[in-house]
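Engineer: If you're matching positions, the sequence shown starts at 28 in this note's numbering and goes up one per residue. C-beta atoms are modelled at their ideal positions from N, C-alpha and C, and glycine is treated no differently. Supplied in structure tokens, the structure appears directly below.
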Amino acid sequence: MFSRFLPLSIFYGIFVFLFLFSSCEEPGDLGTNLQPGNSRGNILFTDTLTIETTTLQSDSVFSSHTDLLLAGGYSSSDFGKTSASFFTQVLLPETNYKFPDSARFDSVVLKLEYSTYYGDISQPMTLNVYYVNEALSTDSLYYHDSQKELGDLLGSRTFTLNMTDSVNEGSTKTRPHLRIPLDTSFFYDKFIAVKNDTAFTSNAEFVKYFYGISVTPKTAFDEPAIISFKTRAVNTSLSFYYSKNGDTLTENFPINELCARFNQFKANRLNSSIYELDILNSDTLPEKSSGGKCFIQAGTGVRFKITLPYLDDFKLRDGVKQKFVVNKAELRFFMQKDTNTSSTLYMPVPQGLFIYPVDPEYAVLPLYPPVQEEFYGFSSVTHPLIIIPDATNSYYNAAITRYIQDVLNDEKENDGFIIQPKGFGVSVNNAVIYGGSNADPAKRFRLRIFYSVVR
């Protein structure tokens, strides 16, 4: 099994700009018209090096402290069935908060502001809300397979998602959000009838008393869509509507960035393109066993490794080791196009990928220099390459000049690297990538190197 890791997902707009500026230029600037083996100004070109890709299943994906909370399910022929649930604390509206003894709850509603979705929104779906019987902690790290014991079912709602309709709260229109009615008697017993002098004095005491909630799909693998909800939103809260002395009042208990929280993802790969990663209990799927393709799916931990098995041989000419200056080296890999034409089915590809150097055992080395030379963070913290798709979502380009140069200079082992989606623990975006052995030469994964031989 692959070791747990914490992706370095913090990145800055300036780095994206630099990447677009430096690595998305057309190779014609360096001599697209050059054929392998020819030279002009001592610049040579090749794109025939063998590339091998292997789809990997991570044993755990870091999914806590996220800005988005996901719930629902969806199915696809390539990835099988995927489900998402989330667990979160709820906080006090203010310290030393107390409902009046005479308060009577008219309703209790879990409000969740929409961010985006993945799947088919034309079909109804059902989400359940449970009390969590185990404490959550902001000091703990949670992963996509973490679990907390579920308690009472607090509420459920069947609905058809509408991301654009505003919601009326009294005379006020608010941003589109989901409203799930909850059991008022449970909260009356927990918040009013049961006396606890310290539970409501601070958030630290409150989360020891009220552990939190979980939102799960009613049927884990048979819901039509997964929805992501915002935590940094005024319409994400546990809201109490109650009466006091004839007046109707509202109190919102926030669900925000201060809460301990995590997303949980599950997958059933039966009859899918990557069933070997699940049903056969395998951690690797070579492209030759999957029709010349490799796969990435955020959330569930599906990513792929790239190896260049004959890069070391590239150094030799007639058995003699040569010295090279790599002018530019870039990977280009093509995505399988989505043939869906439905306006209600939305399955976006990852809008950013990270490349991490790896050791021979597939362990990510996030503190090593990144594969991409342009990306360095503040305070000497390195960041992995951010790759974005072209405007038509047809292919990704990745400049790996430094990596190739270091391998050719014997300054780096040629262990390859791993590519995984940005936002690994906060989405279920996926893509099917054509590998280096794909039957269609025009779609094959390839490495293009522009180089000079030092004489």
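Assuming Asp133 is part of the beta strand (DSSP E), what are its boundary residues?
Structural biologist: Residues Arg131 to Asp147.
Engineer: Buried or exposed for Tyr337, please, with buried defined as at least 16 other CB atoms from any protein chain shown within 10 angstroms of its CB.
Structural biologist: Result: exposed.
Engineer: Since His171 and Asn290 are thought to touch, with beta carbons under 8 Å apart, how far apart are those beta carbons, to the nearest angstrom?
Structural biologist: Sure, about 7 Å apart at Cβ, within 8 Å.
Engineer: Whose CA, out of Ser300, Gly182, Ser270 and Ser264, lies closest to the CA of Asn283?
Structural biologist: If we check each option's Cα against that of Asn283, Ser264 comes out closest.
Engineer: Just confirm the distance between the C-beta atoms of Tyr461 and Phe360, as a whole number of angstroms; I'd bet it's less than 8 Å.
Structural biologist: Confirmed, about 7 Å.
Engineer: Is DSSP giving Ile431 helix, strand or coil here?
Structural biologist: The answer is helix: DSSP assigns Ile431 an H, G or I state.
Engineer: With DSSP collapsed to three states, give me the class of Leu119.
Structural biologist: Residue state, collapsed to three classes: coil.
Engineer: For Ala247, which residues in the same chain have their Cβ closer than 7 Å to its Cβ, ignoring the five residues on either side in sequence?
Structural biologist: Here the set comprises Gly100, Ser110 and Lys293.
Engineer: In three-state DSSP terms, what is Phe472?
Structural biologist: Note: Phe472 maps to coil in three-state DSSP.
Engineer: In angstroms with no decimal places, state the Cα-to-Cα distance between Thr75 and Gln378.
Structural biologist: Answer to the nearest angstrom: the Cα atoms are 28 Å apart.
Engineer: On the premise that Val481 lies in contact with Asp94, defined as a C-beta separation below 8 Å, what is that separation, rounded to the nearest angstrom?
Structural biologist: With a Cβ gap of about 49 Å, Asp94 and Val481 do not count as contacting.
Engineer: Asn230 lies in the alpha helix (DSSP H); which residues open and close that run?
Structural biologist: Counting along the chain, the alpha helix (DSSP H) containing Asn230 begins and ends at Asn230 to Tyr236.
Engineer: On the DSSP letters alone, give me the boundaries of the beta strand (DSSP E) that Tyr269 sits inside.
Structural biologist: First-last of the beta strand (DSSP E) with Tyr269: Ser264 to Lys271.
Engineer: Taking just the CA atoms, how far does Lys138 sit from Ala260?
Structural biologist: Using only the alpha carbons, I get a separation of about 10 Å.
Engineer: Enumerate in chain order the residues of its own chain whose CB-to-CB distance from Tyr236 is below 7 Å, with the five nearest sequence positions on each side excluded.
Structural biologist: Hits under 7 Å: Asn223 and Ala226.
Engineer: Can you grab the Cα-Cα spacing for the pair Val329 / Ile219, in whole Å?
Structural biologist: Whole-angstrom Cα-Cα distance: 46 Å.
Engineer: What residues in its chain sit with their C-beta under 6 Å from that of Leu372, if we drop five residues either side in the sequence?
Structural biologist: So the list reads Asp147, once near-sequence residues are dropped.
Engineer: Just tell me which of Ile253, Gln116 and Ser241 has its CA closest to the CA of Met152.
Structural biologist: Among Ile253, Gln116 and Ser241, the Cα nearest to that of Met152 belongs to Ile253.
Engineer: For Arg473, count the other beta carbons within 10 Å of its own beta carbon; 16 or more makes it buried, fewer makes it exposed. Which is it?
Structural biologist: Under this definition Arg473 is a buried residue.
Engineer: When DSSP labels each residue in this structure, what does Ile219 get in the three-state scheme?
Structural biologist: Residue state, collapsed to three classes: helix.
Engineer: Report the rounded CA-to-CA distance for Glu79 versus Lys342, giving the unit in angstroms.
Structural biologist: So the two alpha carbons sit approximately 19 Å from each other.
Engineer: Return the Cβ separation of Tyr20 and Leu177 in integer angstroms, given the expectation that the two are a contact with Cβ distance under 8 Å.
Structural biologist: Residue 20 falls outside the range modelled here, since the chain spans only 28 to 482, and no answer is possible.
Engineer: Assuming Phe322 contacts Asp105 (C-beta within less than 8 Å), just tell me the rounded distance between them.
Structural biologist: The pair is a contact, with the Cβ atoms about 7 Å apart (cut-off 8 Å).
Engineer: Going by DSSP, name the residue or residues bridged to Pro151.
Structural biologist: DSSP, once it has assigned bridges, lists no residue as partnering Pro151.
Engineer: How is Tyr478 classed by DSSP in three states: helix, strand or coil?
Structural biologist: Strand.
Engineer: Quick one: Cα of Lys483 to Cα of Thr275, how far?
Structural biologist: No answer is possible for residue 483: the residues shown for the chain start at 28 and end at 482.
Engineer: Give the straight-line distance between the Cα atoms of Ser164 and Asn441, rounded to the nearest whole angstrom.
Structural biologist: Between Ser164 and Asn441, the C-alpha separation is close to 41 Å.
Engineer: Could you give the C-beta distance for Val156 and Leu181, rounded to a whole number, given that I count them as a contact under 8 Å?
Structural biologist: At roughly 5 Å, the Cβ-Cβ gap stays under 8 Å, so Val156 and Leu181 are in contact.
Engineer: In chain order, which beta strand (DSSP E) runs of at least 3 residues are fully inside the region 252 to 335?
Structural biologist: Within the region 252 to 335, the complete beta strand (DSSP E) runs of at least 3 residues are 252 to 257, 264 to 271, 274 to 281, 288 to 295, 311 to 313, 320 to 324 and 329 to 334.
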